[in-house]
Amino acid sequence: MDEYGAMAIATLLTDFGLDDYYVAAVKGVILSRAPEATLVDVSHQVPPGDVETALFLLRAAAPCFPPGTVHLAVVDPGVGSDRRLLAVAAAAAVFVAPDNGLLTPWLERGEVYAVDRPDLYRRSPGRTFDGRDRFAPVVAALLAGCRPAELGPRVDDAIRCALPPPRRRDGVLSGRVVHVDRYGNVVTDLPASWLGGGPFRAEVAGHAATVRVGCYAELGEGEAGVLTGSLGTLELSLRGASLAARWGVERGDAVRIVLESDHGSDILRHEDPPGAEE
Amino acid sequence: MDEYGAMAIATLLTDFGLDDYYVAAVKGVILSRAPEATLVDVSHQVPPGDVETALFLLRAAAPCFPPGTVHLAVVDPGVGSDRRLLAVAAAAAVFVAPDNGLLTPWLERGEVYAVDRPDLYRRSPGRTFDGRDRFAPVVAALLAGCRPAELGPRVDDAIRCALPPPRRRDGVLSGRVVHVDRYGNVVTDLPASWLGGGPFRAEVAGHAATVRVGCYAELGEGEAGVLTGSLGTLELSLRGASLAARWGVERGDAVRIVLESDHGSDILRHEDPPGAEE
Amino acid sequence: MDEYGAMAIATLLTDFGLDDYYVAAVKGVILSRAPEATLVDVSHQVPPGDVETALFLLRAAAPCFPPGTVHLAVVDPGVGSDRRLLAVAAAAAVFVAPDNGLLTPWLERGEVYAVDRPDLYRRSPGRTFDGRDRFAPVVAALLAGCRPAELGPRVDDAIRCALPPPRRRDGVLSGRVVHVDRYGNVVTDLPASWLGGGPFRAEVAGHAATVRVGCYAELGEGEAGVLTGSLGTLELSLRGASLAARWGVERGDAVRIVLESDHGSDILRHEDPPGAEE
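Chains as they are written, first to last, in this note's numbering: chain A, 31 to 308; chain B, 31 to 308; chain C, 31 to 308.
What follows is the structure, encoded as structure tokens:
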């Protein structure tokens, strides 16, 4: 695993918010021990304790970073307890996070280590800030050339988030809203390739869209449609306003797409037959 | 244009917000291809789709950066459509943004290129995230030594924002509120040099100020006044509270300053004659 | 003071917010003059003009950074007036801020200089943005090797914040809420070592907690307790919700802890005697 010798970039993803000193404390500890590191914020606005949102964001951001990046994610309701600290070597990167399901997508694909390196940890009066006192030193050690396998024993019983997979059966796609972004776009877990080229009816929160477009600008003003999002899954969007707000969509809502037929055509945009919407 | 060989700093200005993975994805792509780059956030809190606010912020921030800086601005309602991607070499920097008016201030003063480099673009499942898939690779290429002229053909038909210029006639200055900051200061587009040294009456949103000061601290508690802002234009401010909130001022509001006479004096602060305010 | 020759990291703490170009302008000026600097945000979300919050955040974050770090703090209601600009060499770092009490914790422990270097300052049309025009150039000079003593005369009359110290008398600890974090944890100024191991009753905002734990996860769902926070002072927390919101606690509120007895035991968690809470 010589590729880990040149680590230089660490990303940070937390629920610490931006009003407090917490993020800076973590960065200060990392830079004290790995002064050449480049630190990149993913987000610190994860809702407090929301492991699933952190997982979504990390899975979306990580593939954009170069090999050897260390990804630190601290959303950690169990801080200070005996929950483990994990380091997972996967996808040419190392992921560091509490053992609470946050690293689920990488557990199967990588080597999972339960970090046990008290010699690295920062001495601290309390047990409430492992991000500063334990996670940051571990990230700094990785950036300074420590190999994941030197951090602790390999384990195979890490906690996993139960993420129900999307399904398709009898011309019906069933999935979930996995994210709502700042523009009010509604990101689903349904692979874009499942939609085909025929007419459909996409339903969420009691509303429906029947138009497919390639990008937001192809929608008419105020029109809702379905498109292939930046993660390769289907996304619902409304031109000029927040679809999530207008339709009352929240993360976790069920999404159902009825494929009304499939002509195998590759037209990107078409109108529904008259009367398809009541 | 050898000055572009040593580019090392890129600034980022978007409407992506800070809750999402979007900013990190852009940074990851840039750092993957230009690992030595220094990335500086201007803001990611531009209201969604608000090209004019982005223009204001970029125009205010850019002059503070060293020669050779690459400024990336992605406020891009037309993402994925055939709107062009521009690179403008101007003011010893390069500005990269969609062709939607955001770069208006630099179009006259620089060389404008319509970027056409599919070889640089990132392969992606959708067409909704050009910031990651197209803009970031172009910025990385510039940081790695690519010259703007290598990005595509020079063009002269870039889209411009219609920014009505401030006017002065018959002792009346007419302008607009171009920005409201976090403190509630109201920034106008009126050059500070137009005010002269005599008595005046500055009107906005049905309220008026008649006092000029050099800095906020020279105002009395609760007093409103006019001063020379950090961009060289006139600014209205209220000591100890938000003038914008108190007076109900919004960006775009008209500002009118009546020069009641001009004694050519250089006094900075003076009182209105009695009865000037009804 | 040769340790100041290798300065490379500057932290930034302001009340500029994240919507504006202000933070970027400061960074651009620093990087123009010290291009190799590593810049770390502490926070820019300090409530406007709130010197005491800035002081708290800087005191909490600074010890995490390596020797030689330059800490810039700009919360500056007096910008443009004749209030002084201070540089304080203390704790193996340099602190730069307006002379308004923000640097109180370091004034006794370090060398205090009143910066007087117009040759460094940026020429500017107005006097409203010293962060960009004066503070940033001073930080850049320090990062480039300038020693604090070269910035201006040493002074001993810097303005101090009156921070009432916590007290203990007759088995009663009296302190204040010095911070409320994003999770609703309530941080006090009472040293954790004062609590001892016996039963107690901690009162704030008309509510009380009588349980001590080592970390948040040791509380039962919905239970309130006292623990040793990350700064070594006592903290009140509620499992699964914001204690500050639930109890209506705000910064500055009085905190009173009655030590009901002290058995000198080292039990971390115990129940109150029956009837202790009415």
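Think of the CB as a built atom: it goes at the ideal place given N, C-alpha and C, for glycine as much as any other residue.
Here the structure is a predicted model, which is why all the values come from computation and not from measurement.
Please state if the CB of Ala120 of chain B and the CB of Val126 of chain B are separated by a distance shorter than 8 Å. no
Are there 16 or more other CB atoms within 10 angstroms of the CB of Ser73 of chain C, so buried, or fewer, so exposed? Residue environment for Ser73 of chain C: buried (at least 16 other C-beta atoms within 10 angstroms of its C-beta).
So, are the CB atoms of Thr99 of chain C and Thr41 of chain C less than 8 Å apart? yes
Does any residue of chain A have a CB that is nearer than 8 Å to the CB of Ser73 of chain B? No - not a single Cβ of chain A is within 8 Å of the one on Ser73 of chain B.
Ala123 of chain B vs Ala103 of chain B beta-carbon contact at 8 Å: Taking 8 Å as the Cβ cut-off, Ala123 of chain B and Ala103 of chain B do not qualify as a contacting pair.
Do we get a CB-CB distance below 8 Å when we pair Ile39 of chain A with the residues of chain B? yes
What do you get for Gly305 of chain B, buried or exposed, if any count of 16 or more other CB atoms within 10 angstroms of its CB means buried? In this predicted model, Gly305 of chain B has a pLDDT of only 35, less than 50, meaning its place in the structure is not dependable; the value taken from the coordinates is given anyway. By the neighbour-count rule (16 or more Cβ atoms within 10 Å), Gly305 of chain B is not buried but exposed.
When the Cα of Gly140 of chain B is compared with those of B:Ala222, B:Ala166, B:Ala171 and B:Ala179, which residue comes out closest? The option with the nearest alpha carbon to Gly140 of chain B is B:Ala179.
Any heavy atom of the ligand NAD closer than 7 Å to the beta-carbon of Gly244 of chain B? With respect to the ligand NAD, the structure shown offers nothing to examine, as it has no ligands at all.
Between which two residues does the alpha helix (DSSP H) holding Val210 of chain C run? Taken as a continuous stretch (DSSP letters only), Val210 of chain C belongs to no alpha helix (DSSP H), being part of the beta strand (DSSP E) at Val202 to Val210.
To the nearest angstrom, how far is the alpha carbon of Ala284 of chain A from that of Val288 of chain B? 60 Å
Check Val234 of chain C in the structure and name its three-state DSSP category. strand
6 Å Cβ shell around His209 of chain B - same chain, five flanking residues per side excluded: Phe86 and Val217
Beta-carbon spacing of Gly110 of chain B, Asp160 of chain B below 8 Å: yes
I want to see whether chain B comes within less than 8 Å of Gly262 of chain A, judged by CB atoms only; does it? yes
Buried or exposed: where does Val243 of chain C fall if 16 or more other Cβ atoms within 10 Å of its Cβ makes it buried? buried
To the nearest angstrom, how far is the alpha carbon of Asp50 of chain A from that of Arg276 of chain B? So the two alpha carbons sit approximately 29 Å from each other.
Compare the beta carbon distance of Pro107 of chain B and Ala144 of chain B with 8 Å and say whether it is the shorter of the two. no
Would the stretch 246-257 of chain C and the stretch 186-204 of chain C be scored as touching if the rule is three or more Cβ pairs under 8 Å? No, they do not touch.
Taking just the CA atoms, how far does Lys57 of chain C sit from Val256 of chain B? Distance from the CA of Val256 of chain B to the CA of Lys57 of chain C, rounded to the nearest whole angstrom, comes to 27 Å.
With 8 Å as the threshold, decide whether the Cβ of Pro65 of chain C is near any Cβ in chain B. The beta-carbon of Pro65 of chain C is placed less than 8 Å from the nearest beta-carbon of chain B.
From Val70 of chain B to Gly201 of chain A, what does the alpha carbon distance come to, in whole angstroms? 48 Å
When DSSP labels each residue in this structure, what does Gly161 of chain C get in the three-state scheme? Gly161 of chain C falls in the helix class under three-state DSSP.
Within the same chain, show all residues whose beta-carbon is closer than 6 Å to that of Tyr52 of chain A, passing over the 5 residues directly before and after it, in chain order. Phe46
Please name the residue, chosen from C:Pro93, C:Pro148 and C:Ala90, that lies closest to Leu115 of chain C on a Cα-to-Cα basis. C:Pro148
Among A:Val59, A:Ala91 and A:Ser291, which one has its Cα closest to the Cα of Ala166 of chain A? That would be A:Val59, whose Cα lies nearest to the Cα of Ala166 of chain A.
State buried or exposed for Ala91 of chain A, treating a residue as buried only when at least 16 other CB atoms are found within 10 Å of its CB. Counting C-beta atoms within 10 angstroms of its own C-beta, Ala91 of chain A has 16 or more neighbours from the protein chains shown and is therefore classed as buried.
Residue-level contact to chain B via CB, Leu173 of chain C, 8 Å cutoff: no
Arg286 of chain C to Leu273 of chain C, Cα distance in whole Å? 16 Å
Tell me the DSSP bridge mates of Leu266 of chain A? A:Val216 and A:Val256
Spatial neighbours of Leu137 of chain B in its chain, beta-carbon cut-off 6 Å, leaving aside the 5 residues before and after: Excluding residues within five positions, the ones whose Cβ falls inside 6 Å are Ala188.
Residue span of the beta strand (DSSP E) that contains Val70 of chain C, given as start and end: Looking at the DSSP string, the run of the beta strand (DSSP E) that includes Val70 of chain C is Thr68 to Ser73.
Residues near Leu132 of chain A in its chain [Cβ-Cβ closer than 7 Å; skip 5 each side]: Val81, Ala84, Leu85, Ala103 and Val105
Counting only beta-carbon atoms, is Arg157 of chain A nearer than 8 Å to chain C? yes
Within 10 angstroms of its Cβ, does Pro97 of chain B collect 16 or more other Cβ (buried), or is it exposed? Burial call: exposed.
What would DSSP say about Gly278 of chain C, mapped onto helix, strand or coil? coil
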